Ligand code: ADP
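Residue numbers (our numbering): 1 to 448.
Structure below.
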């Protein structure tokens, strides 16, 4: 097993990794930017190294600084968390070249799954259903029109290197084609320095359902059931739950089996997620992408399976065999996660960084809170707005929702705006309570 892990991240996920390492009796090294001197991860780790100024490009994305920090502190592994360098194959390769284990899959799998076109081609070959559309990067309008003749409007243009909902445009008819294509190209170039785009059928009000996978270095792959992530704003997840609500068990079973097949086909190792869109009317589902890292929403799976995914990720990276067979995985009860952001729901979710003057955090039966905030902490304006993940567990969805309403009412932050009131509105919405949800739910929420 590893002796010391460097955590190449910040915020709640850095704390989550420190906690898993502590449970495994492994020492930890935090890296931090100058904006994060007072951050909790720097205080809870055994050692800390400043890796640069506030901008992520000069600190949390600064590979030479991070590798140097790992070498100086004699770390034998690096955990990248999510975001930043988590899906950067070059970083994974450099870690390995320096004899430092990268806690994640192999660099070549990160590369092939990181390109969404290549991922779709590989999945199609493996017999996984994919959204109909182009299987190559598109360039000319004539070429795109030809594809649209087959798949028909509406269509969605997406960035091959995409992530975080960037570089995506929905096109309803031919008049929008050219301007939308240009806008998507510019956005993709800016966000990913890669302007390649692809096109696929736009599925009407789909549900986003994903399957958690665990794979060891010896070809053993299991799934830990599915997560429902349909409550989104601008293609970004806000609330996740497990298991998926109102979903035929036969479809669930098929989705999970296909996810295992998908992971096996690319010889996947570590924890990963296969994301699908589910067309509720046709009862069909399609692969959209694979995330080769731990995800923000992993705690809902942990609560319904009783497993510690980050610990397992570390153990698998250290070469341990999966101790569990598929039949040993039991999903029981229901878990819901609300992503609490420092943002103003009454002002188009404008970021709301600043000092937390005072704070009361929820607790009690069935409540888990993953957060790095504390009273007196100043949220820097430089990073993601996520300040806490509030997760509740119940014997069934009704109990998990009741506990979430209770926990949200106890979550009191003074000094900044948060999305707590917004989550309260969703948790009291009749359609949400009935489980009638899809990715456009927010457009309907205020009407019913
Ligand atoms: P990203 O990696 O940028 O998050 P994804 O491919 O995972 O992009 O898609 C994010 C979200 O965008 C999905 O959960 C869904 O809401 C929407 N989306 C993506 N592709 C389609 C599609 N073909 N039809 C309808 N919605 C889509």
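Glycine included, C-beta positions come from ideal geometry on N, C-alpha and C. Owing to the predicted nature of the structure, the values given are computational and were not obtained by experimental measurement.
- prompt: Going along the chain, which residues of its own chain have a beta-carbon closer than 7 Å to the beta-carbon of residue 191, five neighbours each way excluded?
  reply: 166 and 167
Separation of residue 293 from residue 88, as counted between CA atoms: 10 Å
task: Assign residue 298 to one of three DSSP states: helix, strand, or coil.
output: helix
query: Does any residue of chain C bring its CB to less than 9 Å from the CB of residue 142?
result: This model lacks chain C altogether; it includes just one protein chain.
field: Continuous alpha helix (DSSP H) stretch holding residue 8: start and end
entry: From DSSP, residue 8 is part of no alpha helix (DSSP H); its letter is neither H nor E.
- prompt: Are residue 138 and residue 199 closer than 9 Å when you measure CB to CB?
  reply: yes
task: Verify whether the separation of the beta carbon atoms of residue 314 and residue 157 is less than 9 Å.
output: no
query: When burial is assigned at 16 or more other CB atoms within 10 Å of the CB, is residue 403 buried or exposed?
result: By the 10 Å Cβ count, residue 403 comes out buried.
Any non-hydrogen atom of the ligand ADP closer than 8 Å to residue 303 Cβ: no
- prompt: Regarding residue 131 and the ligand ADP, is the C-beta to nearest heavy atom distance less than 8 Å?
  reply: Yes - the ligand ADP has a heavy atom lying nearer than 8 Å to the Cβ of residue 131.
task: To the nearest angstrom, report how far apart residue 179 and residue 117 are at their CA atoms.
output: 22 Å
message: Please identify the residue among 14, 45 and 201 whose C-alpha is closest to the C-alpha of residue 82.
response: 14
- request: Have a look at the DSSP bridge pairing and note the partners of residue 49.
  value: 31
- prompt: Counting Cβ pairs, one atom from each stretch, are 3 or more of them under 8 Å apart for the segment 258-272 and the segment 237-245?
  reply: no
task: Could you tell me the distance, in whole angstroms, from the CA atom of residue 129 to the CA atom of residue 253?
output: Distance between residue 129 and residue 253, taken at the CA atoms: about 15 Å.
query: Beta carbon of residue 412, beta carbon of residue 339: below 9 Å?
result: no
query: If you compare alpha carbons, which of 30, 34, 4 and 17 is closest to residue 380?
result: 34
field: Identified DSSP bridge partners for residue 338
entry: 239 and 390
- prompt: Taking DSSP as the reference, what is the three-state secondary structure of residue 41?
  reply: Note: residue 41 maps to helix in three-state DSSP.
task: Using three-state DSSP, classify residue 370 as helix, strand or coil.
output: In this structure, residue 370 counts as strand in the three-state DSSP scheme.
task: Go through its chain and collect everything with a Cβ distance to residue 172's Cβ below 8 Å, but skip five positions before and after it.
output: 153 and 154
- request: Helix, strand or coil for residue 23, going by three-state DSSP, please let me know.
  value: helix
query: Just how far apart, CA to CA, sit residue 177 and residue 250?
result: 38 Å
- prompt: Is the beta carbon of residue 163 within less than 8 Å of some heavy atom of the ligand ADP?
  reply: yes
task: Counting only the same chain and skipping the five closest in sequence on each side, list residues whose C-beta sits under 6 Å from that of residue 1.
output: Closer than 6 Å at the Cβ level, and outside the excluded window around residue 1, lie 318.
- request: Please determine if the segment 320-331 and the segment 111-125 are in contact, where contact requires at least 3 C-beta pairs separated by less than 8 Å.
  value: no
- request: Could you tell me which residues DSSP pairs with residue 270 in its beta bridges?
  value: 215
Spatial neighbours of residue 286 in its chain, beta-carbon cut-off 7 Å, leaving aside the 5 residues before and after: Leaving aside the five residues that flank residue 286 on each side, the residues in its chain whose CB is nearer than 7 Å to its CB run, in chain order, 129, 130, 131, 276 and 277.
query: When DSSP builds the beta bridges, which residues end up paired with residue 351?
result: In the DSSP assignment, the residues bridged to residue 351 are 343.
field: Close Cβ partners of residue 351 (< 6 Å) along its chain, the five nearest in sequence each way excluded
entry: 343 and 385
task: Spell out the partners DSSP gives residue 65 in its beta bridges.
output: Its beta-bridge partners do not exist; DSSP assigns none.
- request: Starting from residue 189, trace the alpha helix (DSSP H) both ways and give me its first and last residue.
  value: 174-192
- prompt: Should residue 291 go down as buried or exposed, given a rule of 16 or more other Cβ atoms within 10 Å for buried?
  reply: By the neighbour-count rule (16 or more Cβ atoms within 10 Å), residue 291 is buried.
message: Along the chain, where does the beta strand (DSSP E) containing residue 225 start, and where does it finish?
response: 221-233
query: Who are the Cβ neighbours of residue 64 in its own chain at under 6 Å, not counting the five residues just before and after it?
result: none
task: For residue 376, count neighbouring C-beta atoms within 10 Å of its own C-beta (all shown protein chains included) and say buried if the count is 16 or more, exposed if not.
output: exposed
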